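Down below is the structure, laid out as structure tokens.
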Amino acid sequence: MQYSVADMLGMSARSRPDALAATVLATPTTPERSWTFAQVWQRVADLAAALSGTPAGRNGRMVATLLPNGLDALLIYPAAMVAGVASVPVNTRLALPEIAHIVSDSGATVLVAAGSLLDTAREVAALVEHDVAVLDLDAVDGDAPLPDPTGDPAVGQRVAAVFYTSGTTGLPKGATMTNDTWLVNCFRWGWQLRLGPDDTMLVPGPLFHMSYCSFALCCWMIGGRVRIMPAFDAAVACDEFAERSTAAFLVPSMTTMISEEWQRRGRTPLPAMKRMMTAGAAVSPVLLKQAYEIFPNVEISETYGWTEGGFATFELKSPETVLDGTVGYPTVGCEILVVDDQDRPCAPGERGEILLRTLACSSGYLNLPEATAASWTGDLIRSGDIGVMDPDGRLRIVDRKNGMIITGGENVYAAEVEQVVAQHPGVLETVVLGAPHEKWGEQIVAVVVVKPGETVEQDELRAFCRDRLADYKIPRVVMAWPEALPRNSMGKLQRFVVEQAVRDTAVPAG
Numbered sequence: 001m002q003y004s005v006a007d008m009l010g011m012s013a014r015s016r017p018d019a020l021a022a023t024v025l026a027t028p029t030t031p032e033r034s035w036t037f038a039q040v041w042q043r044v045a046d047l048a049a050a051l052s053g054t055p056a057g058r059n060g061r062m063v064a065t066l067l068p069n070g071l072d073a074l075l076i077y078p079a080a081m082v083a084g085v086a087s088v089p090v091n092t093r094l095a096l097p098e099i100a101h102i103v104s105d106s107g108a109t110v111l112v113a114a115g116s117l118l119d120t121a122r123e124v125a126a127l128v129e130h131d132v133a134v135l136d137l138d139a140v141d142g143d144a145p146l147p148d149p150t151g152d153p154a155v156g157q158r159v160a161a162v163f164y165t166s167g168t169t170g171l172p173k174g175a176t177m178t179n180d181t182w183l184v185n186c187f188r189w190g191w192q193l194r195l196g197p198d199d200t201m202l203v204p205g206p207l208f209h210m211s212y213c214s215f216a217l218c219c220w221m222i223g224g225r226v227r228i229m230p231a232f233d234a235a236v237a238c239d240e241f242a243e244r245s246t247a248a249f250l251v252p253s254m255t256t257m258i259s260e261e262w263q264r265r266g267r268t269p270l271p272a273m274k275r276m277m278t279a280g281a282a283v284s285p286v287l288l289k290q291a292y293e294i295f296p297n298v299e300i301s302e303t304y305g306w307t308e309g310g311f312a313t314f315e316l317k318s319p320e321t322v323l324d325g326t327v328g329y330p331t332v333g334c335e336i337l338v339v340d341d342q343d344r345p346c347a348p349g350e351r352g353e354i355l356l357r358t359l360a361c362s363s364g365y366l367n368l369p370e371a372t373a374a375s376w377t378g379d380l381i382r383s384g385d386i387g388v389m390d391p392d393g394r395l396r397i398v399d400r401k402n403g404m405i406i407t408g409g410e411n412v413y414a415a416e417v418e419q420v421v422a423q424h425p426g427v428l429e430t431v432v433l434g435a436p437h438e439k440w441g442e443q444i445v446a447v448v449v450v451k452p453g454e455t456v457e458q459d460e461l462r463a464f465c466r467d468r469l470a471d472y473k474i475p476r477v478v479m480a481w482p483e484a485l486p487r488n489s490m491g492k493l494q495r496f497v498v499e500q501a502v503r504d505t506a507v508p509a510g
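Heads up: the sequence shown is residues 1 to 510, going by the UniProt record's numbering.
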């Protein structure tokens with residue numbers, strides 16, 4: 001295609017220049033602030049001008065972004081598209097070594113930052129071996145010429161962004177997204193949510209995540225408004241859904257916290273919310289059914305997907321169709337296959353790995369041809385998840401083949417955490433698992449075998465991890481295993497034995 005998401009935003013600005021486009025909600029130290037589409041498009045032009053001189057690195061012209069949740073954290077994506085550079089959003093919760101790896105691996109030659117994250121950006125730039133310029137977005141101003149959203153036939157296959165996902169080897173992998181991929185996904189999400197120019201999309205989560213920035217951008221493409229929360233707050237979310245915000249993507253932990261706040265307020269309905277999408281794999285049916293009480297006018301859509309594959313399923317739910325573990329039907333432009341260990345199709349009801357054929361998925365991993373070849377088989381992409389297709393064509397998730405833990409909407413690979421825990425001087429060996437948690441969906445549990453003569457206390461191990469991992473990756477619970485971890489005759493860890501022991505234990509909520 002010859003258009004990008006930035007072009008579509010420019011068209012909205014051209015047709016609705018004076019309409020309200022964005023609001024960043026107040027914090028204890030900053031007031032609420034709003035912008036029209038004309039003002040948003042001008043800011044895109046100014047940011048694009050600041051990025052236009054970005055030199056090429058090992059993977060072309062790329063800018064890494066380390067930004068607080070606000071307008072610029074969203075506008076940096078279309079601004080990079082206009083400037084012809086790829087954006088590399090960085091999770092602001094990562095530890096310094098993790099951020100440095102992303103900047104180094106991507107080859108980004110500019111690190112964009114603002115506010116309190118500027119000092120962090122400068123520290124990261126000093127850790128990276130290649131030259132990295134730090135750009136302070138708070139200092140970017142001006143009146144740059146407005147881009148003309150007329151399209152370019154060459155734009156479709158250009159890399160628009162690189163989203164780093166947790167890696168099974170302990171290092172994040174950069175999944176590349178072309179302009180075509182992103183545009184198709186935004187169109188699909190907007191259509192499936194039935195968004196219109198009268199909708200107001202609440203952005204409750206961090207804009208460095210593909211899901212939150214994409215839902216906001218698709219709302220703009222349709223001419224709607226976005227309201228950005230600098231940080232999630234259940235009380236503020238309840239206020240929004242009571243009076244103003246009509247749509248949102250909510251991970252289960254957010255819905256849980258909203259439910260708790262709603263109950264504290266006397267269960268008063270929140271009628272403004274009309275369109276809710278939620279990630280399906282860890283959603284409790286009880287919680288989903290309660291959401292219909294909280295939001296009496298809502299349509300709830302359930303979905304399943306991952307960064308590399310995008311959203312693969314979709315189902316517009318009703319209280320009667322909420323089933324435990326089901327995540328909907330293949331979405332528009334997607335074909336889902338469930339296959340056995342030899343990649344042979346499974347019959348309905350048989351367990352197998354979920355593969356996806358789709359119009360819009362990542363084009364591969366940066367610098368990792370072997371990992372790309374392992375995940376992409378022809379025109380199919382592997383999920384690493386185990387699922388079952390029921391006779392009606394609805395997908396059910398039953399396990400994660402790749403050891404991923406979903407906690408509070410964040411994806412964490414067990415191998416990442418195991419690599420750090422194993423470095424503790426008192427740990428002989430370890431296995432990291434996910435255990436059910438009422439609020440977070442899953443909590444991270446580290447099962448450790450302690451070296452003879454050593455002791456490992458939970459608080460001390462957590463402190464050890466805190467300097468090496470993002471806060472959400474730190475084990476909430478540490479459990480001692482009394483002997484060597486169970487292994488089969490070939491020496492392979494029998495993870496399922498440990499998992500069963502953890503399930504049989506009353507794991508405290510961390």
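We put the CB at the ideal spot given by N, CA and C, even for glycine. Only a predicted model underlies this, so the values are computations on that prediction, with no experimental measurement involved.
Coarse secondary structure for residue i, derived from DSSP in three states
{"i": "K473", "result": "helix"}
{"i": "D136", "result": "strand"}
{"i": "H101", "result": "helix"}
{"i": "I76", "result": "helix"}
{"i": "V32", "result": "The identity of residue 32 in the sequence shown is Glu, whereas the question assumes Val. Looking at E32 - three-state DSSP - the assignment turns out to be coil, as it is neither helix nor strand."}
{"i": "G164", "result": "In the sequence under discussion, the amino acid at residue 164 is Tyr, which differs from the Gly named in the question. Here Y164 sits in strand by DSSP."}
{"i": "Q2", "result": "coil"}
{"i": "A281", "result": "At A281 the pLDDT is 49, less than 50, meaning the model places this residue with poor confidence and gives no usable figure here."}
{"i": "T505", "result": "coil"}
{"i": "L287", "result": "helix"}
{"i": "D385", "result": "strand"}
{"i": "L193", "result": "helix"}
{"i": "A86", "result": "strand"}
{"i": "P319", "result": "helix"}
{"i": "R43", "result": "helix"}
Buried versus exposed, by CB contacts within 10 Å (16 or more), residue i
{"i": "G10", "result": "buried"}
{"i": "S34", "result": "exposed"}
{"i": "H130", "result": "exposed"}
{"i": "T496", "result": "Contrary to the premise, residue 496 reads as Phe rather than Thr in this sequence. Per the 10 Å Cβ criterion, exposed."}
{"i": "A482", "result": "The displayed chain sequence assigns Pro, not Ala, to residue 482. Exposed, because fewer than 16 other Cβ atoms sit within 10 Å of the Cβ of P482."}
{"i": "residue 537", "result": "Absent from the model: residue 537. The displayed extent of the chain is 1 to 510, so no value can be given."}
{"i": "residue 518", "result": "The shown model of the chain, from 1 to 510, leaves out residue 518, and the question about it has no answer."}
{"i": "residue 523", "result": "Any answer about residue 523 is impossible in this case: the structure gives the chain only from 1 up to 510."}
{"i": "P330", "result": "buried"}
{"i": "P78", "result": "buried"}
For residue i: DSSP bridge partner residues
{"i": "I222", "result": "For I222, which the question treats as bridged, DSSP gives no partner whatsoever."}
{"i": "C334", "result": "T358"}
{"i": "V432", "result": "A446"}
{"i": "D131", "result": "The partner list for D131 (beta bridge, DSSP) is empty, contrary to what the question assumes."}
{"i": "residue 518", "result": "Nothing about residue 518 can be reported from this structure: the residues present for the chain run from 1 to 510 only."}
{"i": "L380", "result": "T377"}
{"i": "R487", "result": "L493"}
Cα-Cα separation, residue i to residue j
{"i": "R227", "j": "V339", "result": "42 Å"}
{"i": "F215", "j": "F187", "result": "10 Å"}
{"i": "L96", "j": "V124", "result": "6 Å"}
{"i": "V251", "j": "K274", "result": "16 Å"}
{"i": "A414", "j": "A100", "result": "21 Å"}
{"i": "A281", "j": "L323", "result": "Since pLDDT at A281 reaches only 49, below the 50 mark, its modelled position is unreliable, and no value is offered."}
{"i": "S15", "j": "Q290", "result": "39 Å"}
{"i": "Y164", "j": "I76", "result": "17 Å"}
{"i": "A374", "j": "I405", "result": "21 Å"}
{"i": "V62", "j": "A86", "result": "Looking at the sequence provided, one finds Met at residue 62 rather than Val. Rounded to the nearest angstrom, the two C-alpha atoms are 5 Å apart."}
{"i": "A121", "j": "D136", "result": "10 Å"}
{"i": "T430", "j": "V421", "result": "7 Å"}
{"i": "P17", "j": "A38", "result": "4 Å"}
{"i": "G151", "j": "D504", "result": "58 Å"}
{"i": "E320", "j": "D390", "result": "17 Å"}
{"i": "Q494", "j": "G352", "result": "19 Å"}
{"i": "residue 522", "j": "L183", "result": "Because the chain is modelled from 1 through 510, residue 522 falls outside the range shown and cannot be assessed."}
{"i": "T36", "j": "G223", "result": "11 Å"}
{"i": "F208", "j": "D392", "result": "36 Å"}
{"i": "C334", "j": "D141", "result": "42 Å"}
{"i": "G305", "j": "P452", "result": "43 Å"}
Closest residue to residue i among the options (Cα-Cα distance)
{"i": "D180", "options": "P486, P153, E335", "result": "P153"}
{"i": "G349", "options": "V398, G70, A126", "result": "V398"}
{"i": "D459", "options": "H424, I258, A360, K317", "result": "H424"}
{"i": "M177", "options": "P55, N297, T307", "result": "T307"}
{"i": "A83", "options": "R468, D385, R43", "result": "R43"}
{"i": "R244", "options": "I444, A13, S12, L202", "result": "L202"}
{"i": "N297", "options": "S284, G333, T246, L337", "result": "T246"}
{"i": "T29", "options": "A231, G378, A80, V155", "result": "A231"}
{"i": "A312", "options": "A113, V134, R382, L433", "result": "R382"}
{"i": "G205", "options": "L355, A480, G408", "result": "G408"}
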